[in-house]
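Working notes, beginning with the structure itself.
In my numbering, the protein residues as written are 91 to 289.
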């Protein structure tokens, strides 16, 4: 969720790929680096930072800002597997259908049941996904997109805001594993890449 939630207000409107947009993405990336390296933020410890160097990103890509069709389709509650024994309760909230590189793609959108009760996150939705970059140029455990319950069927889906779970930086975290249905048969070369570590 992190500071990428700041960018969600743009997703429901027309996003122009210009300097203002690029500056917004760059600001988010710089803030994320500060968040990771500032031990007072509690994300990484001094021990973690012994090896961690920096977060990495693909160049900002206009081809990965797509118009998607949102279909609301609420499913039953289920326990989502994570990298630990923790199993938070989610439910399917709907689907996002879109095209990239001429391929018709679909992502399932999920809603965390407990988070619905937290002020400010009543309309928060979660889109974990895997693609053909995982384990090559991006974290092998997949990446995440944040989302809000939209007011219309047509929405903007911006993979430039795709980010790593905290598990990409430290084994101390418990992170949701993207369900197999959210595996995209295309390389999403946008958003966050595998972090760099010191020798």
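All residues carry an ideal CB built from backbone N, CA and C; glycine is no exception.
Requested in this report: Could you have a look at residue 270 and say whether DSSP puts it in helix, strand or coil?
Outcome: Mapped onto the chain shown, residue 270 falls at position 180. If DSSP states are grouped into helix, strand and coil, residue 270 belongs with the helices.
**Report entry** N-terminal and C-terminal residue of the alpha helix (DSSP H) that residue 119 is part of
**Finding:** Position 29 of the chain shown, counted from the start, is the residue given in the question as residue 119. Where residue 119 is concerned, the enclosing alpha helix (DSSP H) stretches over 109-127.
* Counting only the same chain and skipping the five closest in sequence on each side, list residues whose C-beta sits under 7 angstroms from that of residue 243. => By one-based count along the chain shown, residue 243 stands at place 153. For residue 243, where only same-chain residues beyond five positions count, the Cβ hits under 7 angstroms are 159 and 160.
What residues are listed by DSSP as bridge partners for residue 235?
-> Here residue 235 refers to the residue found at position 145 when the chain shown is read from its first residue. Note: residue 235 sits in a beta bridge opposite 217.
- Item | 8 angstroms Cβ shell around residue 276 - same chain, five flanking residues per side excluded | If you number the chain shown from 1, residue 276 lands on position 186. 190, 191, 193, 195, 221 and 222, listed in sequence order.
Say whether the region 226-240 touches the region 106-117, bearing in mind that this needs 3 or more beta-carbon pairs closer than 8 angstroms, one atom from each stretch. no
* Coarse secondary structure for residue 139, derived from DSSP in three states -> Here the question's residue 139 lines up with position 49 in the chain shown. The answer is helix: DSSP assigns residue 139 an H, G or I state.
- Query: What residues in its chain sit with their C-beta under 7 angstroms from that of residue 283, if we drop five residues either side in the sequence?
  - Reply: Along the chain shown, read from residue 1 onward, the residue named residue 283 stands at position 193. 146, 147, 148, 227 and 228, listed in sequence order.
- prompt: Where residue 94 and residue 236 are concerned, what is the direct C-alpha to C-alpha distance, given to the nearest angstrom?
  reply: Counting from one through the chain shown, the residue named residue 94 turns up at place 4. Counting from one through the chain shown, the residue named residue 236 turns up at place 146. For residue 94, the predicted model reports a pLDDT of 39, less than 50, meaning its position is unreliable and no value from the coordinates is stated.
Please state whether DSSP places residue 130 in a helix, a strand or coil. Against the chain shown, residue 130 aligns to sequence position 40. Residue 130 falls in the helix class under three-state DSSP.
| task | State the DSSP-derived secondary structure class of residue 282, mapped to helix, strand or coil. | result | Sequence index remark: in the chain shown, residue 282 carries index 192 (1-based). Three-state result, residue 282: strand.
(request) Count the other C-beta atoms from every protein chain shown that fall within 10 angstroms of the C-beta of residue 278, then say buried if there are 16 or more, exposed otherwise. (result) Position 188 of the chain shown, counted from the start, is the residue given in the question as residue 278. Under this definition residue 278 is a buried residue.
- Can you name, in chain order, every residue of its own chain whose Cβ lies under 8 angstroms from the Cβ of residue 123, other than the five neighbours on each side? Indexing the chain shown from 1 puts residue 123 at position 33. Excluding sequence neighbours, residue 123 sits near 144 and 145.
* Asked: What is the DSSP secondary structure of residue 256, counted as helix, strand or coil?
  -> Against the chain shown, residue 256 aligns to sequence position 166. DSSP places residue 256 in helix when its eight states are reduced to three.
Quiz item: Mind checking residue 225: buried by the 16 CB within 10 Å criterion, or exposed?
Solution: Reading the chain shown from its first residue, position 135 is the one you call residue 225. Counting Cβ neighbours within 10 Å, residue 225 comes out exposed, since fewer than 16 surround it.
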